[in-house]
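Numbering (the working numbering), first residue to last: 21 to 83.
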């Protein structure tokens, strides 16, 4: 459970940084905003991987 909590905190951190950059730059196509968006994508992909792994483990335990 700790792993999930850590990753959700990281998601919020990166999301907030991206939102701040959008407000600061005023342009979704600004290179810094794009980089922040890609970082958020990577963290979300990691979160999705963790959830899938956990679900597979739960399914195996049911068998």
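Every residue gets a Cβ at the ideal spot worked out from N, C-alpha and C, and that includes glycine.
Remember, predicted model here, so these are calculated numbers, not experimental data.
Counting along the chain, where does the alpha helix (DSSP H) carrying residue 29 start and finish?
Per DSSP, residue 29 belongs to the alpha helix (DSSP H) from 22-45.
For residue 48, which of helix, strand or coil comes out of DSSP?
Three-state result, residue 48: coil.
Where does residue 41 land, buried or exposed, given buried means 16+ other C-beta within 10 angstroms?
So residue 41 ends up on the buried side.
Do three or more CB pairs link the segment 31-38 to the segment 50-67 at distances below 8 Å?
Touching, yes.
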